[in-house]
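Protein chains in written order, with this note's numbering: chain V, 20 to 130; chain G, 5 to 114.
What follows is the structure, given as structure tokens:
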């Protein structure tokens, strides 16, 4: 089954404790992207990647890091999480960036 | 800076009562406009891509249209299972950079 998986699905952590949210797709897509979704603000793009070792900033990259060492994986790293990074995070993949397949989401709470 | 505005924020319809959702946009060089459906607790699900003014796409009870300033998602004779949040997004300028609207939450009552 074609899918995008994210782990963990739910995470509660404390300020400053480094964390990684994993994203994996099994569709051999070149394009992958991370979004955060907040009430009243909608989905905002954090980072995207056109292919292995090719990444670029979206609209809200501050406080986040990404890497793309393998085509199927695109982890999101929060080096020092803060409460304003509490949000619902989605990973997405696509062959071209047009029709994106989204993962199930990761709900992160930073206290 | 690209901007996408969706209206109304919420819409409540009786089953069978047709209506339209609006997505207006301001972008520098539109390359494509997308519609997605999002159910509670799930990731968005792709519906349509429109590329140029005058283009239309249909899927079951949904029809998307595009002008130079806005897009409409027409819902004909909706059913309760059409209840969801509908998201509009554009991509323009920088390659693969996508801007989403805040969505219209649709509720269809039996």
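Every residue, glycine too, gets a C-beta built ideally from N, C-alpha and C.
Using a Cβ-Cβ cut-off of 8 angstroms, state whether residue 33 (chain G) counts as contacting chain V. Output row for residue 33 (chain G): interface = no.
Using a Cβ-Cβ distance cut-off of 8 angstroms, determine whether residue 73 (chain V) contacts chain G. No, residue 73 (chain V) lies away from the interface with chain G (no Cβ there is under 8 angstroms from its Cβ).
Determine the burial state of residue 154 (chain V): buried for a count of at least 16 other Cβ atoms within 10 Å of its Cβ, exposed for fewer. This structure does not reach residue 154 (chain V), given that chain V is present from 20 up to 130, and the question cannot be answered.
Using the beta-carbon of each residue, which ones in chain V are nearer than 9 angstroms to residue 46 (chain G)? Simply 121, 123 and 124.
To the nearest angstrom, report how far apart residue 126 (chain V) and residue 52 (chain G) are at their CA atoms. Near 27 angstroms, if we compare the C-alpha coordinates of residue 52 (chain G) and residue 126 (chain V).
Which residue from V:94, V:104 and V:44 puts its Cα closest to that of residue 20 (chain V)? Nearest option by C-alpha distance: V:44.
Do the region 24–37 of chain G and the region 64–81 of chain G touch if we need at least three Cβ pairs shorter than 8 angstroms? With a cut-off of 8 angstroms on Cβ pairs, the region 24–37 of chain G is in contact with the region 64–81 of chain G, counting three or more such pairs.
Go ahead and pull the three-state DSSP assignment for residue 64 (chain V). Correct three-state label for residue 64 (chain V): strand.
If I measure Cβ to Cβ from residue 19 (chain G) and keep anything under 7 angstroms in the same chain, skipping five residues before and after, which residues do I get? Excluding sequence neighbours, residue 19 (chain G) sits near 82, 83, 84, 112, 113 and 114.
Residue 84 (chain V) and residue 96 (chain V) look like a contact to me (Cβ under 8 angstroms); what is the Cβ gap, rounded to whole Å? Contact check for residue 84 (chain V) and residue 96 (chain V): beta-carbon distance about 4 angstroms, within the 8 angstroms limit, so the pair qualifies.
Assigned secondary structure, residue 104 (chain V) (DSSP; H/G/I helix, E/B strand, else coil): In the structure shown, residue 104 (chain V) sits in a helix (DSSP, three-state: H, G or I).
Residue 64 (chain V): contacting residues in chain G (beta-carbon distance under 7 angstroms): Under the 7 angstroms cutoff, chain G gives 101 and 102.
Min CB distance residue 127 (chain V) to chain G below 8 angstroms: Chain G, which has no Cβ nearer than 8 angstroms to the Cβ of residue 127 (chain V), makes this no.
Can you check which of these residues, G:36, G:65, G:63 and G:90, is closest to residue 118 (chain V) by C-alpha distance? Comparing Cα positions, the closest option is G:36.
What's the call for residue 6 (chain G), buried or exposed, on a 16-neighbour Cβ count within 10 Å? Under this definition residue 6 (chain G) is a buried residue.
Comparing the C-beta of residue 15 (chain G) with each C-beta of chain V, is any distance below 8 angstroms? Proximity of residue 15 (chain G) to chain V, defined by a Cβ-Cβ separation below 8 angstroms, is not satisfied.
Between which two residues does the beta strand (DSSP E) harbouring residue 75 (chain V) extend? For residue 75 (chain V), the enclosing beta strand (DSSP E) covers residues 73–76.
Measure from the alpha carbon of residue 41 (chain V) to the alpha carbon of each residue in V:129, V:29 and V:61, then state which is nearest. Closest by C-alpha distance to residue 41 (chain V), out of V:129, V:29 and V:61, is V:29.
Could you tell me whether any Cβ in chain V is nearer than 8 angstroms to the Cβ of residue 4 (chain G)? No answer is possible for residue 4 (chain G): the residues shown for chain G start at 5 and end at 114.
Relative to the C-alpha of residue 15 (chain G), which residue among G:59, G:96, G:90 and G:94 is closest? Among G:59, G:96, G:90 and G:94, the Cα nearest to that of residue 15 (chain G) is on G:90.
Tell me where the beta strand (DSSP E) around residue 62 (chain G) begins and ends. Going by DSSP, residue 62 (chain G) is part of the beta strand (DSSP E) stretching over 60–63.
Residue 56 (chain G) to residue 33 (chain V) span [Cα, whole Å]: If I take the Cα positions, the gap works out to 47 angstroms.
Using the beta-carbon count (16 or more within 10 Å), is residue 73 (chain V) buried or exposed? With a threshold of 16 other beta carbon atoms within 10 Å, residue 73 (chain V) falls short and is exposed.
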